[in-house]
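S.K.: Okay, so the sequence shown: first residue is 1 according to the UniProt record's numbering, each after it adds one.
Cβ coordinates follow ideal geometry from the N, Cα and C atoms, glycine included.
Since the structure is predicted, the reported quantities are computational estimates derived from the model, not experimental observations.
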Amino acid sequence: MTNPNLIIFYVKDPSESTPFYRDLFGREPAFASPNFVAFALDNGLSLGLWRRSSVEPQPSAIGNRGELGFMVEGAGAVEQHYRDWKARGLPIAQELTTMDFGPTFVVLDPDGHRLRVCEPDK
């Protein structure tokens with residue numbers, strides 16, 4: 001079976017998005033070029049930031065059509081991330097709330113991509 005191992009966000013300028021993710025992940029990119037930057041994550045997944053104007057074939061639309069999820073475990077872990085990310089000044093799209101699946105909140109990256117923090121499915 002083939003397993004996906006790369007998520008790509010189309011961004012205005014990777015050099016503008018890189019500091020955001022460097023700070024969020026606490027690590028340097030594994031690869032960087034003028035049009036593409038990749039961050040290797042501990043779970044074997046990578047996040048790529050691809051300059052929107054250089055994507056081939058060009059995307060048919062831009063905007064929020066999905067989210068990158070961060071499932072965190074432990075009592076109060078979602079609230080702790082919320083306090084930390086809010087203190088960093090990350091733009092909050094959804095304040096800390098409880099939904100059907102538990103506590104959650106959403107922040108935005110510099111290009112408006114949604115980053116959701118929640119608890120793992122039980």
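#1: For the beta strand (DSSP E) containing Ser46, name the first residue and the last one.
#2: In angstroms with no decimal places, state the Cα-to-Cα distance between Leu67 and His113.
#3: So, for Glu95: in the same chain, excluding its five sequence neighbours on each side, which residues have a beta-carbon less than 7 Å away from its beta-carbon?
#4: Using C-beta distances below 6 Å, list every residue in its chain close to Pro14, excluding the 5 sequence neighbours before and after it, in chain order.
#5: Under a Cβ-count criterion, where at least 16 other Cβ atoms within 10 Å of its own Cβ denotes burial, should Pro4 be classed as buried or exposed?
#6: Under 8 Å, do Val117 and Val55 count as touching if we go by C-beta distance?
#7: Helix, strand or coil for Ala87 per DSSP?
#8: For a test of the three-state rule: what should DSSP assign to Phe39, helix, strand or coil?
#9: Ser17 and Pro110: beta carbons closer than 8 Å?
M.R.: Quick look at the numbers:
#1: Translated into positions along the sequence shown, residue 46 becomes position 46. Unbroken beta strand (DSSP E) run through Ser46: Ser46 to Arg51.
#2: Along the sequence shown, one-based indexing puts residue 67 at 67. Along the sequence shown, one-based indexing puts residue 113 at 113. Per the sequence shown, the amino acid found at residue 67 is Glu instead of Leu. Looking at the two C-alpha atoms, the distance is approximately 7 Å.
#3: The residue given as residue 95 occupies position 95 in the sequence shown. Closer than 7 Å at Cβ, skipping near neighbours: Phe105.
#4: In the sequence shown, residue 14 corresponds to position 14, counting from 1. Taken in chain order, the residues that qualify are Val37, Leu49 and Arg51.
#5: Locating residue 4 in the sequence shown gives position 4, counting from the first residue. Under this definition Pro4 is an exposed residue.
#6: Along the sequence shown, one-based indexing puts residue 117 at 117. Along the sequence shown, one-based indexing puts residue 55 at 55. Not in contact: Val117 and Val55 (Cβ atoms no closer than 8 Å).
#7: If you number the sequence shown from 1, residue 87 lands on position 87. In this structure, Ala87 counts as helix in the three-state DSSP scheme.
#8: Counting from one through the sequence shown, the residue named residue 39 turns up at place 39. Strand, per DSSP.
#9: In the sequence shown, the residue the question calls residue 17 occupies position 17. In the sequence shown, the residue the question calls residue 110 occupies position 110. Contact flag set, yes.
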